[in-house]
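Engineer: As given, the protein sequences belong to chains L and U, one line each in that order. Each residue of the first sequence is one higher than the last, beginning at 0 in numbering that gives the first Met the number 0. Each residue of the second sequence is one higher than the last, beginning at 0 in numbering that gives the first Met the number 0. All residues carry an ideal CB built from backbone N, CA and C; glycine is no exception.
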Amino acid sequence: MNSDEQLLTRLRTGEKQAVEELYQLTFRYCASHITNNSGTAADAREIFQEVLIVLFKKLQDPAFRIERSLKSYLYVITKNLWSNHLRQEKKTGLQLSLDQEDQVEKQGLDTQQDAKALEEKQEKEQLLTRLEQLLKQHSADCRKLLRLFFYERKKSPEVAVIMGYKESYVRKKKKNCIDHLRKQFGQF
Amino acid sequence: MDDGYTYDRIEDYLEDRLSKEAKAKFEAQLAVDDALRKELTFYRHLQLATQRLEQEEDFRKTIQGVDQTLDENAFFKASAVSIDKNKGKSDRKLWIPLSVAAGLLVLLWLGGRYWGQSYYSNAVLAENFEPFEIVSTDRGDGIKTENQLQKGIDAFEAKSYADAIEWFSSTSEADAFYVQSQYYLAHTYLAQQKYDAAIEQFQKVADTKSTLYKDRAEWYQLQAMLLSESAQETLNEQLDKILSNPNHGYLEKAQALKQQVNSIWRQF
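Take a look at the structure:
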């Protein structure tokens with residue numbers, strides 16, 4: 000495992016020191032593209048954070064791998080995000096950028112998976128993205144409750160203590176939150 | 000959704016927390032209940048979406064934390080580069096008008112220098128002095144007196160300055176043409192480019208208080224001073240001396256020369 004792969008493994012878990020190392024290794028290089036193309040230092044900071052989020056999302060896919068060096072890969076994402084930013088198409092631009100990155104990764108995937116598997120993967124990705132958007136719009140209480148259940152993997156009695164609710168109310172609240180999302184999501 | 004199945008139960012199933020019997024019962028229900036399967040799938044996706052979202056949020060906080068802590072290290076090194084580059088850009092923008100201004104100043108300076116040297120240098124100002132008048136001993140009858148003065152004049156006009164000096168110097172104070180000879184002697188030194196000797200000789204003539212030659216001697220002494228490298232400091236004193244005498248024969252010329260000597264063009 001080379002140094003890039005080691006760093007990516009640590010980044011996959013969100014390790015802070017790995018993020019610091021990544022900053023040291025790549026930030027100035029990536030930031031130079033922005034500051035050399037009419038961007039400010041503040042722009043560089045903001046865009047680089049988005050670059051790392053893109054990388055982090057990619058890392059959640061076990062099939063994800065980088066053909067080139069990590070530094071070059073991040074530089075490409077930086078260029079794409081900054082181009083999109085300059086075109087003032089932040090939302091669609093970001094998606095375009097991710098699509099472009101997907102194209103790079105798909106080339107590798109296509110040789111390993113059949114078209115059906117890829118299609119299923121894309122459908123699942125769309126579902127998850129839609130759910131993430133709904134979750135972001137959800138109430139803070141529901142967000143917190145679902146985080147405790149699904150992300151921190153707490154059980155109802157623990158969630159009740161943390162949230163300051165009765166256990167029965169936690170169950171009811173959880174059901175309401177999920178039902179609300181279910182209703183917003185529509186036909187599954 | 001069937002009231003017998005709570006989300007907790009779905010979760011227990013997904014987390015493999017059900018007993019064997021309960022799990023079998025749940026799976027049997029799944030096999031025949033299409034709505035339950037959909038709910039289970041939705042629940043599983045919701046779980047995954049929540050995990051991804053919260054993970055991303057945590058990671059974003061980590062990034063922001065690192066970004067803040069690296070402000071004084073990595074970031075400012077980078078931004079310093081950026082600032083330097085921007086500074087370079089702004090410097091380049093500033094350099095253009097500055098270079099043009101500097102170029103204009105150099106041209107102005109060179110032009111001023113050329114103008115000053117062409118019209119206001121000591122040599123040019125000295126050249127502007129009208130030639131001094133030589134009065135021979137011929138009184139109008141074509142007969143020249145054969146004395147030291149005339150011999151000196153002849154030698155001067157023949158540019159035999161050494162002879163002229165000898166003849167002009169040989170006159171005695173008792174001679175009627177003594178002051179005149181001394182005055183011509185000063186001009187001979189001037190013609191010989193012996194400026195310091197000329198200055199001294201003109202001073203001797205001026206000191207005679209001769210009504211005919213004192214003012215002339217003082218005026219042409221200025222010419223010698225302009226040409227002498229060692230008399231620059233006394234130039235203005237001599238000018239002021241003439242200007243302080245309202246009856247001086249060369250007052251107007253001295254005033255004009257004073258303006259020229261103090262002209263700004265001479266500063267170049």
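Would you mind stating whether F155 (chain U) and A163 (chain U) have Cβ atoms separated by less than 9 Å?
Structural biologist: Walking along the second sequence from the start, residue 155 (chain U) turns up at place 156. Walking along the second sequence from the start, residue 163 (chain U) turns up at place 164. Their beta carbons are under 9 Å apart, which means F155 (chain U) touches A163 (chain U) by this criterion.
Engineer: Would you give the residue range spanned by the alpha helix (DSSP H) that T233 (chain U) belongs to?
Structural biologist: Position 234 of the second sequence holds residue 233 (chain U). Q231 to L242 is the extent of the alpha helix (DSSP H) around T233 (chain U).
Engineer: With S135 (chain U) and Q149 (chain U) assumed to form a contact (beta carbons below 8 Å), what rounded beta-carbon distance in angstroms separates them?
Structural biologist: As a working note, residue 135 (chain U) is residue 136 in the second sequence. As a working note, residue 149 (chain U) is residue 150 in the second sequence. Confirmed, Cβ separation roughly 6 Å.
Engineer: Label I95 (chain U) either buried or exposed according to how many other C-beta atoms from any shown protein chain fall within 10 Å of its C-beta, with 16 as the threshold for buried.
Structural biologist: By 1-based counting over the second sequence, the position of residue 95 (chain U) is 96. Label assigned to I95 (chain U): exposed.
Engineer: Hey, is Q136 (chain L)'s beta-carbon within less than 9 Å of any beta-carbon in chain U?
Structural biologist: Counting from one through the first sequence, the residue named residue 136 (chain L) turns up at place 137. Taking Cβ atoms only, chain U never reaches closer than 9 Å to Q136 (chain L), which makes this a no.
Engineer: Can you list, in chain order, the residues of its chain whose CB lies under 7 Å from that of D3 (chain L), leaving out five sequence neighbours each side?
Structural biologist: Counting from one through the first sequence, the residue named residue 3 (chain L) turns up at place 4. Closer than 7 Å at the Cβ level, and outside the excluded window around D3 (chain L), lie I65, S68 and L69.
Engineer: Assess, as a yes-or-no matter, whether the region 44-52 of chain L is touched by the region 12-30 of chain L under the definition of 3 or more beta carbon pairs within less than 8 Å.
Structural biologist: Between the region 12-30 of chain L and the region 44-52 of chain L, the count of Cβ pairs shorter than 8 Å is three or higher; the stretches touch.
Engineer: Output, in sequence order along the chain, the residues in the region 6-19 of chain L whose CB is closer than 7 Å to any CB in chain U.
Structural biologist: G13, K15, V18 and E19
Engineer: If you draw a straight line from the alpha carbon of L250 (chain U) to that of Q237 (chain U), how long is it in whole angstroms?
Structural biologist: Here residue 250 (chain U) corresponds to residue number 251 of the second sequence, with the count starting at 1. Here residue 237 (chain U) corresponds to residue number 238 of the second sequence, with the count starting at 1. Rounded to the nearest angstrom, the two C-alpha atoms are 12 Å apart.
Engineer: Just to make sure I have the definition right: I need the residues of chain L whose C-beta is within less than 7 Å of the C-beta of D32 (chain U). Which are they?
Structural biologist: For the purposes of this step, residue 32 (chain U) is taken as the residue at position 33 of the second sequence. One finds nothing in chain L with a Cβ atom closer than 7 Å to the Cβ of D32 (chain U); even the nearest lies about 14 Å away.
Engineer: Compare the C-alpha of W81 (chain L) against each of L:L10, L:L180, L:T34 and L:K172 and name the closest.
Structural biologist: The residue given as residue 81 (chain L) occupies position 82 in the first sequence. W81 (chain L) has its Cα closest to that of L:T34, out of L:L10, L:L180, L:T34 and L:K172.
Engineer: Between the alpha carbons of Q220 (chain U) and E126 (chain U), how many angstroms are there, rounded?
Structural biologist: The residue labelled residue 220 (chain U) in the question sits at position 221 within the second sequence. The residue labelled residue 126 (chain U) in the question sits at position 127 within the second sequence. Going from the Cα of Q220 (chain U) to the Cα of E126 (chain U) covers about 13 Å.
Engineer: Hey, L127 (chain L) and R51 (chain U) are a contact pair by Cβ (cut 8 Å); roughly how many whole angstroms apart?
Structural biologist: As a working note, residue 127 (chain L) is residue 128 in the first sequence. As a working note, residue 51 (chain U) is residue 52 in the second sequence. 6 Å between Cβ atoms; contact.
Engineer: Which residues, taken in chain order from the region 50-67 of chain L, show a beta carbon closer than 9 Å to some beta carbon of chain U?
Structural biologist: The region 50-67 of chain L vs chain U, Cβ under 9 Å: L51, I52, F55, K56 and Q59.
Engineer: Check whether the region 175-185 of chain L and the region 138-149 of chain L are in contact - that is, three or more C-beta pairs closer than 8 Å.
Structural biologist: yes
Engineer: Can you tell me whether G185 (chain L) is helix, strand or coil according to DSSP?
Structural biologist: Looking up residue 185 (chain L) in the first sequence gives position 186. Note: G185 (chain L) maps to coil in three-state DSSP.
Engineer: The alpha helix (DSSP H) that contains Q191 (chain U), what's its start and end?
Structural biologist: Taking the first residue of the second sequence as position 1, residue 191 (chain U) is located at position 192. No alpha helix (DSSP H) contains Q191 (chain U), which DSSP labels as neither H nor E.
Engineer: Quick check on the burial criterion: 16 or more other C-beta atoms within 10 angstroms. Buried or exposed for Q94 (chain L)?
Structural biologist: Along the first sequence, one-based indexing puts residue 94 (chain L) at 95. Since pLDDT at Q94 (chain L) reaches only 49, below the 50 mark, its modelled position is unreliable, and no value is offered.
Engineer: How big is the Cα-Cα spacing for E145 (chain U) and W166 (chain U)?
Structural biologist: Taking the second sequence and counting its residues from 1, the one referred to as residue 145 (chain U) is at position 146. Taking the second sequence and counting its residues from 1, the one referred to as residue 166 (chain U) is at position 167. Taking the straight line from one Cα to the other gives about 11 Å.
Engineer: Identify the contact partners of L127 (chain L) in chain U, using a Cβ-Cβ distance below 7 Å as the criterion.
Structural biologist: Counting from one through the first sequence, the residue named residue 127 (chain L) turns up at place 128. Correct list: H44, L47, A48 and R51.
Engineer: Return the residues of the region 53-67 of chain U that lie within a Cβ-Cβ distance of less than 9 Å from chain L, sorted by chain order.
Structural biologist: Residues of the region 53-67 of chain U whose Cβ lies closer than 9 Å to any Cβ of chain L, in chain order: E53, Q54, E55, E56, D57, F58, R59, T61, I62, Q63, G64, V65 and D66.
Engineer: Taking Cβ positions only, does E20 (chain U) come closer than 9 Å to chain L?
Structural biologist: Here the question's residue 20 (chain U) lines up with position 21 in the second sequence. No - not a single Cβ of chain L is within 9 Å of the one on E20 (chain U).
Engineer: Alpha carbon to alpha carbon, how far is L271 (chain U) from I198 (chain U)?
Structural biologist: With chain U covering only 0 through 267, there is no way to say anything about residue 271 (chain U).
Engineer: Just to confirm my understanding: we take Y72 (chain L), look at its own chain, exclude 5 residues before and 5 after, and list those with CB closer than 7 Å. What are they?
Structural biologist: On the first sequence, residue 72 (chain L) is found 73 positions in, with the first residue counted as 1. I65, listed in sequence order.
Engineer: Determine the chain C residues that contact Y6 (chain U) at a beta-carbon separation under 7 Å, and present them in chain order.
Structural biologist: Within the model displayed, chain C is absent; protein chains L and U are what it includes.
Engineer: Taking 7 Å as the limit between beta carbons, can you name the residues of its chain near K172 (chain L), skipping five residues before and five after?
Structural biologist: Start at 1 with the first residue of the first sequence, and residue 172 (chain L) comes out as number 173. The residues are L144 and Y164.
Engineer: At a CB distance below 7 Å, what residues from the region 151-162 of chain L approach chain U? Give them in sequence order.
Structural biologist: S155
Engineer: Assuming Y194 (chain U) and L234 (chain U) form a contact by the criterion Cβ under 8 Å, report the distance between their Cβ atoms to the nearest whole angstrom.
Structural biologist: Taking the first residue of the second sequence as position 1, residue 194 (chain U) is located at position 195. Taking the first residue of the second sequence as position 1, residue 234 (chain U) is located at position 235. That belief does not hold up - the Cβ atoms of Y194 (chain U) and L234 (chain U) are roughly 12 Å apart, past 8 Å.
Engineer: How far does the alpha helix (DSSP H) with S135 (chain U) in it reach, from first residue to last?
Structural biologist: For this step, residue 135 (chain U) is matched to residue 136 along the second sequence. Looking at the DSSP string, S135 (chain U) is not in any alpha helix (DSSP H), and its letter there is neither H nor E.
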